[in-house]
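Protein chains in written order, with the numbering used here: chain A, 395 to 763; chain B, 67 to 393.
In this text, a Cβ means the ideal position worked out from N, Cα and C, and glycines have one as well.
Every value quoted in this text rests on a predicted model; they were computed, and no experiment measured them.
Following: one structure in structure tokens, then a few remarks.
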Amino acid sequence: MKKNEKVKSHEPFFHISKRTDISLKQGIIVRIIAILLALAVCGIVTKLFTGDDPISIFKTVFQGAFGTGRTLVTIHEIAILLCVSLAVTPAFRMRFWNTGAEGQVLIGCLSTAMCMFYLGGKVPDGMLILIMAIFAVLSGIIWAVIPAFFKAHWGTNETLFTLMMNYVAIQLIEFFLKIADKSGSNVVGPDLLSHGWFPRLFGENYILNIIIVAVLTVLLYIYLNYSKHGYEISVVGESENTARYIGINVKKVIVRTMALSGAICGIAGLLLVGGASHSIDSNLADGRGFTAIMVAWLAKFNPVTMVLTSLLIVFLERGADEVSSKFGLNADFAEILTGIILFFIIGCEFFINYKINFNHKKNSVKEDK
Amino acid sequence: MDAIAQFISRAILQGTPLLYGATGEIITEKSGNLNLGIPGIMYIGAISGVIGGFFYQNGADRVEPFLAVLIPLLCCMFGSIVTSLLYCFLTITLKANQNVTGLAITTFGVGFGNFFGGSLIKILKSDVPYLSLVKIAQAYKTPIFPFAEDMSSIGKMFFSYGFMVYFAVIIAVVSGFVLKKTKAGLHLRAVGENPATADAAGINVTLYKYLATTVGGMIAGLGGLFYIMDYSNGIWSNNGFGDRGWLAIAIVIFSIWKPSMSILSSYLFGALYILFNYINVPMTYIPLIQMLPYAVTIIVLIATSVRKKRENQPPASLGLSYFREER
Numbered sequence: 395m396k397k398n399e400k401v402k403s404h405e406p407f408f409h410i411s412k413r414t415d416i417s418l419k420q421g422i423i424v425r426i427i428a429i430l431l432a433l434a435v436c437g438i439v440t441k442l443f444t445g446d447d448p449i450s451i452f453k454t455v456f457q458g459a460f461g462t463g464r465t466l467v468t469i470h471e472i473a474i475l476l477c478v479s480l481a482v483t484p485a486f487r488m489r490f491w492n493t494g495a496e497g498q499v500l501i502g503c504l505s506t507a508m509c510m511f512y513l514g515g516k517v518p519d520g521m522l523i524l525i526m527a528i529f530a531v532l533s534g535i536i537w538a539v540i541p542a543f544f545k546a547h548w549g550t551n552e553t554l555f556t557l558m559m560n561y562v563a564i565q566l567i568e569f570f571l572k573i574a575d576k577s578g579s580n581v582v583g584p585d586l587l588s589h590g591w592f593p594r595l596f597g598e599n600y601i602l603n604i605i606i607v608a609v610l611t612v613l614l615y616i617y618l619n620y621s622k623h624g625y626e627i628s629v630v631g632e633s634e635n636t637a638r639y640i641g642i643n644v645k646k647v648i649v650r651t652m653a654l655s656g657a658i659c660g661i662a663g664l665l666l667v668g669g670a671s672h673s674i675d676s677n678l679a680d681g682r683g684f685t686a687i688m689v690a691w692l693a694k695f696n697p698v699t700m701v702l703t704s705l706l707i708v709f710l711e712r713g714a715d716e717v718s719s720k721f722g723l724n725a726d727f728a729e730i731l732t733g734i735i736l737f738f739i740i741g742c743e744f745f746i747n748y749k750i751n752f753n754h755k756k757n758s759v760k761e762d763k
Numbered sequence: 067m068d069a070i071a072q073f074i075s076r077a078i079l080q081g082t083p084l085l086y087g088a089t090g091e092i093i094t095e096k097s098g099n100l101n102l103g104i105p106g107i108m109y110i111g112a113i114s115g116v117i118g119g120f121f122y123q124n125g126a127d128r129v130e131p132f133l134a135v136l137i138p139l140l141c142c143m144f145g146s147i148v149t150s151l152l153y154c155f156l157t158i159t160l161k162a163n164q165n166v167t168g169l170a171i172t173t174f175g176v177g178f179g180n181f182f183g184g185s186l187i188k189i190l191k192s193d194v195p196y197l198s199l200v201k202i203a204q205a206y207k208t209p210i211f212p213f214a215e216d217m218s219s220i221g222k223m224f225f226s227y228g229f230m231v232y233f234a235v236i237i238a239v240v241s242g243f244v245l246k247k248t249k250a251g252l253h254l255r256a257v258g259e260n261p262a263t264a265d266a267a268g269i270n271v272t273l274y275k276y277l278a279t280t281v282g283g284m285i286a287g288l289g290g291l292f293y294i295m296d297y298s299n300g301i302w303s304n305n306g307f308g309d310r311g312w313l314a315i316a317i318v319i320f321s322i323w324k325p326s327m328s329i330l331s332s333y334l335f336g337a338l339y340i341l342f343n344y345i346n347v348p349m350t351y352i353p354l355i356q357m358l359p360y361a362v363t364i365i366v367l368i369a370t371s372v373r374k375k376r377e378n379q380p381p382a383s384l385g386l387s388y389f390r391e392e393r
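Here's what the structure looks like:
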């Protein structure tokens, strides 16, 4: 009833203000609503292309992720994505937009594979795994610190720099493939990388990888929330000027934090080659470096919440894969569904960070969507 | 001499999609939006054009060259505009993080392109064996200068292409002019440098950001269309477009945010992209040559930031959302 009056008085219908007071519960409710809406849209899209009924679609999705013999693979996929997401987190907490996780993982893969290829059989396997780990971590650090160094000293745009480093890493792998396998194939497989495989625990592959990532998650959570370094990262992220004012060496923090990011990416590369595929090709990281950015962001850069967000993404991807193979559709269907979910979650952040105030109505906060 | 002319021709064809992408991204970045969704938008532009063309080629009795060009072109523009608007809505209106939104758009766009490229026939239950738009590609590829046929190889190097090659150059030149010489361009650059100041000066920041990002996205989408219709003869192959979208973003840096520079840099990158076919190196070293465009971009990026020449810097507010009440 007041609507008409408002239009007449030429006042804006509403205005937006920032809010800092949202409770955890409200925040979670908004996100859950967003995810449910997104799933509904995904369901409609899937129905459109397959003509299957929704319950059957859901069964297929679940089958794809946790069907017989798939659970362990799915958990491993979650672990690897989680590992890369953990890697990008420290840098993102200080607002360093590292889009180069893909390349940092790949360079970790490359050095692992090179150790396996050149040293395999020449040193004991236990020793080899140690060497692989050292080189993977070192190469990840190098790949991350180069852009960080230039960012810290000359303000070079880190988003673009790290992005370019990805492609340098890809071509380096291609170069290695051509050297290692003279037949010109696009992959160096387990037959050439036959040493330095991670031991199987409990008679299963992947278990060691999953344990390593679980430990990393806890360690990173502690590091970010309860250590002096973690505090410094948060301050630099909030305001570089404040950080400088209270005596934090910003340059040092940037380089150190990116070194940590790179090191974890290197570990992800190590796990991928040494603990899972035992082969290398330039697509081994499979876009995880980019997906991880979204996973980490969705979890608000909290390592523990990240377990859930990586579960969500991997569940969807594997589920959608199953749907598309069942109906003979293209496997990229998964990317469309992931995209839809991401759009909704990205959009819903607005309703968490901002408040829409409708004029002439006191204390009326509207939160649709 | 012929060989060189032929090499340059191939480089120009290879560079044209990059030029569209780079021009679009420059306009977008000038408004302060770092649209990492450009690679996805180029895929969406391409597949939208393909879908439009597919319906026309299989629906019409006879393929009229004019319509064969126009329909995919409009569809492509529509697809990339809608996607750009989604990006704008999320980053400008809802103030979402630009990097995350851009990457989500790219994930979505590449998936969208490959999905429809791979499944369109299946979904429509069509009886054609594979997605091929040869007749439409013919219309796109027809040289607009008919006399080029009789010219020497040097003449062909300049005059033998379909209209989209020239269109890309015209767009780049015009956008360079608009950005540098007109009031709208000045306003746009002001928005990209410091939206708060621009806002205080009475410039409609939201409008400029929306417009620049949408127009930029539309231009980039044309690059995808060119790649399919002209470069690959109307035949869609999944992931065929590859990493060209990212290369376009590299060119933006390489041409230090100047559209006129982007023409030559696109052709240069196009040349680097195919160089390995023309020089005699062992197979092993080809990846090192393919690395060149990216390595060169990194060097330019470092050099511009170290030299700190004011006119060569990225727009100051690049990648940041603007919220008026934030201080």
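Is residue i buried or exposed, if buried means 16 or more other CB atoms sit within 10 Å of its CB?
i, result
"A/LYS756", "In this prediction, A/LYS756 has a pLDDT of 47, which is less than 50 and means its spatial position is unreliable; what the coordinates show is noted afterwards. Looking at its Cβ environment, which holds fewer than 16 other Cβ atoms inside 10 Å, A/LYS756 is exposed."
"A/THR553", "buried"
"A/ASP585", "exposed"
"B/GLU95", "buried"
"B/LYS222", "buried"
Considering only the beta carbon of each residue, do residue i and residue j sit closer than 7 Å?
i, j, result
"A/ALA473", "A/CYS659", "no"
"A/THR703", "A/VAL689", "yes"
"A/VAL649", "A/VAL539", "yes"
"B/GLY103", "B/THR173", "no"
"B/TYR109", "B/GLY168", "no"
"A/SER505", "A/ALA530", "yes"
"B/SER331", "B/PHE320", "yes"
"B/MET143", "B/ALA203", "no"
"B/SER146", "B/THR279", "no"
"B/SER387", "B/LYS161", "yes"
"B/ALA337", "B/ALA112", "no"
"A/GLY546", "A/GLY497", "Sequence inspection shows Ala at residue 546 of chain A; the Gly mentioned does not correspond to that position. Against a cut-off of 7 Å, the Cβ pair of A/GLY497 and A/ALA546 comes out as no contact."
"A/ILE734", "A/CYS436", "yes"
"B/THR363", "B/ALA316", "yes"
"A/ARG712", "A/THR468", "yes"
"A/GLN420", "B/GLN356", "no"
"A/CYS509", "A/ILE535", "no"
Only counting the same chain, and skipping five residues up and downstream in sequence, which positions put a Cβ closer than 8 Å to that of residue i?
i, result
"B/THR272", "ILE158 and THR159"
"B/PRO209", "GLU215, PHE225, SER226, TYR227 and GLY228"
"A/ILE410", "TYR748, LYS749, ILE750 and ASN751"
CB-CB under 7 Å to residue i, same chain, minus the five flanking residues each way: which ones, in chain order?
i, result
"A/ARG489", "GLY631"
"A/PHE744", "none"
"A/TYR615", "PRO697 and VAL698"
"B/ILE329", "LEU85, VAL235 and ALA238"
"A/GLU716", "THR454, VAL455, GLN457 and GLY458"
List, in order along the chain, the chain C residues whose C-beta lies closer than 9 Å to that of residue i?
i, result
"A/LEU431", "Here the protein chains are A and B, and chain C is not one of them."
Where does the unbroken alpha helix (DSSP H) through residue i begin, and where does it stop?
i, result
"A/HIS589", "Premise fails: A/HIS589 is in no alpha helix (DSSP H) and is neither H nor E."
"B/TYR344", "325 to 344"
"A/LYS545", "519 to 548"
"B/ASP265", "261 to 266"
"A/ILE416", "No alpha helix (DSSP H) contains A/ILE416, which DSSP labels as neither H nor E."
"B/ILE294", "Where B/ILE294 is concerned, there is no enclosing alpha helix (DSSP H), given that its DSSP letter is neither H nor E."
"B/LYS222", "219 to 225"
"A/TYR561", "552 to 574"
"A/TYR600", "Here A/TYR600 belongs to no alpha helix (DSSP H), and DSSP marks it neither H nor E."
Which of the three DSSP states, helix, strand or coil, is assigned to residue i?
i, result
"A/GLY641", "coil"
"B/PHE389", "coil"
"B/LYS374", "coil"
"B/TYR360", "helix"
"A/LYS516", "coil"
"A/TYR748", "strand"
"B/ILE210", "coil"
"B/SER198", "strand"
"A/ILE674", "strand"
"B/ILE322", "coil"
Could you give the first and the last residue of the continuous beta strand (DSSP E) run that contains residue i?
i, result
"A/ILE410", "408 to 412"
"B/PHE181", "Looking at the DSSP string, B/PHE181 is not in any beta strand (DSSP E); the run it does join, the alpha helix (DSSP H), is 164 to 190."
CB-CB under 6 Å to residue i, same chain, minus the five flanking residues each way: which ones, in chain order?
i, result
"B/VAL231", "THR82"
"A/THR493", "THR553, THR556 and LEU557"
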